[in-house]
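>
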Amino acid sequence: MMKNNGKQLHILFFPFMAQGHTIPMLDIANLFASRGHRATIVTTPLNEPSIRRSVEKFNDRVSSEIATRVINFPTLEEAGLPEGCENMDFITSRNLCDELVPNFFRATTLLRPQLESLMEECKPDCLVADSFFPWSTAAAAEKFGIPRLIFNGMGFFAMSVLASLSASEKVCSDGEEFLVQGIPDRIFLTRRQLPEAEREEDEFLVGLFGEMKESESKSFGVIFNCFYELEPTYADYYRNQLGRRAWHIGPVSLGSSNRGSKNRGNDDQECLKWLDTKDPDSVIYICFGSMVNFGAAQLKEIAEGLESSGQHFIWVVRKNPGDPNEDWLPEGFEERTAGRGLIIRGWAPQVRILEHEAIGGFLTHCGWNSTLEAVSAGVPLVAWPVQAEQFLNEKLVTEVAKIGASVGVKEGAVYGGIVGREQIEKAVRRVMVGEEGEEMRRRVKELAAMAAQAVEEGGSSYSDFDDLIGEIQSESC
Ligand code: UDP
Numbered sequence: 001m002m003k004n005n006g007k008q009l010h011i012l013f014f015p016f017m018a019q020g021h022t023i024p025m026l027d028i029a030n031l032f033a034s035r036g037h038r039a040t041i042v043t044t045p046l047n048e049p050s051i052r053r054s055v056e057k058f059n060d061r062v063s064s065e066i067a068t069r070v071i072n073f074p075t076l077e078e079a080g081l082p083e084g085c086e087n088m089d090f091i092t093s094r095n096l097c098d099e100l101v102p103n104f105f106r107a108t109t110l111l112r113p114q115l116e117s118l119m120e121e122c123k124p125d126c127l128v129a130d131s132f133f134p135w136s137t138a139a140a141a142e143k144f145g146i147p148r149l150i151f152n153g154m155g156f157f158a159m160s161v162l163a164s165l166s167a168s169e170k171v172c173s174d175g176e177e178f179l180v181q182g183i184p185d186r187i188f189l190t191r192r193q194l195p196e197a198e199r200e201e202d203e204f205l206v207g208l209f210g211e212m213k214e215s216e217s218k219s220f221g222v223i224f225n226c227f228y229e230l231e232p233t234y235a236d237y238y239r240n241q242l243g244r245r246a247w248h249i250g251p252v253s254l255g256s257s258n259r260g261s262k263n264r265g266n267d268d269q270e271c272l273k274w275l276d277t278k279d280p281d282s283v284i285y286i287c288f289g290s291m292v293n294f295g296a297a298q299l300k301e302i303a304e305g306l307e308s309s310g311q312h313f314i315w316v317v318r319k320n321p322g323d324p325n326e327d328w329l330p331e332g333f334e335e336r337t338a339g340r341g342l343i344i345r346g347w348a349p350q351v352r353i354l355e356h357e358a359i360g361g362f363l364t365h366c367g368w369n370s371t372l373e374a375v376s377a378g379v380p381l382v383a384w385p386v387q388a389e390q391f392l393n394e395k396l397v398t399e400v401a402k403i404g405a406s407v408g409v410k411e412g413a414v415y416g417g418i419v420g421r422e423q424i425e426k427a428v429r430r431v432m433v434g435e436e437g438e439e440m441r442r443r444v445k446e447l448a449a450m451a452a453q454a455v456e457e458g459g460s461s462y463s464d465f466d467d468l469i470g471e472i473q474s475e476s477c
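Here the sequence shown is numbered in full-length UniProt numbering, starting from 1 and rising by one per residue.
1. For Thr285, report the span of its beta strand (DSSP E) as first-last.
2. So which residues put a beta carbon under 6 Å from any heavy atom of the ligand UDP, going in chain order?
3. Does the Cβ-Cβ distance between Glu214 and Phe156 come in under 8 Å?
4. Would you report the Cα separation of Ile353 and Val433, rounded to the nearest angstrom?
5. For Asp467, does the count of other Cβ atoms within 10 angstroms reach 16, so buried, or fall short, so exposed?
6. Under 8 Å, do Ile66 and Thr22 count as touching if we go by C-beta distance?
7. Ends of the beta strand (DSSP E) at Ser406?
8. Taking the alpha carbon of Gln193 as the point to measure from, which residue in Phe227, Thr43, Asn30 and Pro385 has its own alpha carbon closest?
9. Output the distance between the C-alpha atoms of Asp267 and Ile286, rounded to the nearest integer angstrom.
10. Taking Trp247 and Leu342 to be in contact with their CB atoms under 8 Å, please state how far apart those CB atoms are, rounded to whole angstroms.
11. Between the segment 298-311 and the segment 370-381, do at least 3 Cβ pairs fall closer than 8 Å?
12. Taking the alpha helix (DSSP H) that Thr92 falls in, what are its first and last residues?
13. Name, in chain order, the residues that DSSP records as bridge partners for Trp315.
14. Considering Cα atoms alone, identify which of Gln311, Cys366 and Gly420 is closest to Thr398.
15. Below 8 Å between beta carbons: does that hold for Ile150 and Val222?
16. Counting along the chain, where does the alpha helix (DSSP H) carrying Phe32 start and finish?
17. Just the C-alpha distance for Asp276 and Phe313, rounded to the nearest angstrom, thanks.
18. Determine the contact status of Glu198 and Leu162, defining contact as a CB-CB distance below 8 Å.
19. Return the Cβ separation of Leu234 and Pro184 in integer angstroms, given the expectation that the two are a contact with Cβ distance under 8 Å.
20. Under 8 Å, do Val42 and Leu115 count as touching if we go by C-beta distance?
21. Give the list of continuous beta strand (DSSP E) stretches no shorter than 3 residues that lie fully inside the segment 166-196.
22. Confirm, please, whether the CB-CB distance from Asp281 to Arg441 is below 8 Å.
23. Kindly indicate which three-state DSSP category Ala358 falls into: helix, strand or coil?
24. If you check the beta carbons only, do Phe73 and Asn30 fall under 8 Å apart?
25. Report the rounded CA-to-CA distance for Ala358 versus Thr364, giving the unit in angstroms.
26. Buried or exposed: which applies to residue 482, given that a residue is buried once 16 or more other Cβ atoms fall within 10 Å of its Cβ?
27. Taking Val375 as part of the alpha helix (DSSP H), name the residues at either end of that continuous run.
28. Quick one: what's got a C-beta closer than 8 Å to Gly470's C-beta in the same chain, skipping five residues either side?
29. I'd like to check one pair, Met17 with Met119: are the Cβ atoms closer than 8 Å?
30. Would you mind sorting Asp327 into buried or exposed? The rule is 16 or more other CB atoms within 10 Å of its CB.
31. Looking only at its chain, what residues have a beta carbon closer than 6 Å to the beta carbon of Leu205, apart from the 5 residues adjacent to it on each side?
32. Name the DSSP bridge partner or partners of Lys248?
33. Taking its Cβ as the centre, do 16 or more other Cβ atoms sit within 10 Å of residue 478, making it buried, or is it exposed?
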């Protein structure tokens, strides 16, 4: 429902070029447009077609049109990036990280003059930029005198932990657990579970994340894709104890007209039809987001673990392209699990799958979007974090909200360990079978109801979004 008290705003959105960042930012743009404000998405040529497709779907439904504007990505000569590298998913899915990630981030800084001339031309009231573009603070706030909001795709729990890590904690020996000081609960982590930049192993990432923190402290505030009821003590801690400006406006996938819907009408997607044939809460969905891929040895362990768990499953497989071993399924696996399991090679309609009543669990890498999508759909999680802030999300899920079981991964994937079939089977069964799983399911369904309420008029996220709009409006008077 459109609601637009006061001045119509024009917001410029500058999403980071990776699915996990672009998807929620498009949903945020859609949210502004659904309240009658103008939204323009800034993107680059290779990323534009997929963004335009999403925006076209939004525009059928929102009251104020969302536009896209294309700026050119630096050429090979300027940026040292081969063709196709306009997107971080492209780089990670081909395991080109070590060589190309620094070049990619440097390339984005070369976009600054084009972003500035676009701002000169559009005269937006506010810039919403991904935290991976720390340089855009200068472009927005200082030069044009407009507020700049940061979107970093994390929740309050993860942000609070990261803000509370002290230097002494970071130098702990690799495998030894330390207690995160200052935060509301007793949370233990090891250094090898921290995001890459916090481990201080890579000079480039340390520098980048330093700039990001600095830029965030100079911004107007942070937009959170989350809802208060999921992590209330951490939302309060982040704002009141750490003194940061923040607005929680999610789960944005619930407000989005483009995502999951329980009334999906004549949906012809095979996997959804397959789910229609299954009992409620009887299928586990397995997906590791848009970037993580595993080698043949790990995939084989997952297959064995799933088979011996005895559960129905939908498994989204993205194999490491650098692994020459093509032979990743145990012999006869597909025959033995026929009718019981479905493998998707490629992109799955995740939100729709999660919202299907047959789904009873989600084995996930704990990316923040996936975590929140599971919570919104009332699906308990099996947590298998891999990198970035995913170990922190695992702690929220398993120890704070108690809506999932851990597979028991001890360290980030960069250290190369393989998770065994028994570990996988055990964690899957904890969630899918028995009383402990039922209790998690009951709790997550309660949270799902709260999430749905949060985005309704009068709900916590709806009200915080109202406040945010009001603050931008008063800045733009
Ligand atoms: N996603 C999807 N289909 C897939 C894989 C991922 O729709 O096959 C979506 C998923 O719903 C989520 C996003 O991609 O919105 C992944 O974001 P997340 O933060 O979970 O992980 P990332 O990809 O950033 O590691």
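For every residue, glycine included, the Cβ atom is placed at its ideal position computed from N, Cα and C. As the structure is a computational prediction, the values presented were derived from the model and not from experiment.
Working from what's here:
1. One point to set straight first is that residue 285 is Tyr, not Thr, in the sequence displayed. Its beta strand (DSSP E) spans residues Val283 to Cys287.
2. Gln19, Gly20, Ile23, Cys287, Gly289, Ser290, Met291, Val316, Trp347, Ala348, Gln350, Val351, Gly367, Trp368, Asn369, Ser370 and Glu373
3. no
4. 20 Å
5. exposed
6. no
7. Gly404 to Ser406
8. Pro385
9. Its pLDDT being 43, under 50, Asp267 is placed unreliably in this model, and the coordinates cannot settle the point.
10. Contact flag wrong, Cβ pair sits at about 39 Å.
11. no
12. Met88 to Ser93
13. Ile286 and Ile343
14. Cys366
15. yes
16. Gln19 to Ser34
17. 13 Å
18. yes
19. Note that residue 234 is Tyr in the sequence shown, not Leu. Indeed they touch by this definition, with Cβ atoms about 7 Å apart.
20. yes
21. 177-179 and 188-190
22. yes
23. coil
24. no
25. 17 Å
26. The requested residue 482 is not part of the displayed model; the chain covers only 1 to 477.
27. Trp368 to Ala377
28. Gly6
29. no
30. exposed
31. Glu196 and Ala197
32. Reading the sequence as shown, one finds His at residue 248 and not Lys. According to DSSP, His248 bridges with Phe224.
33. Because the chain in this structure spans residues 1 to 477, residue 478 falls outside the shown range and cannot be described.
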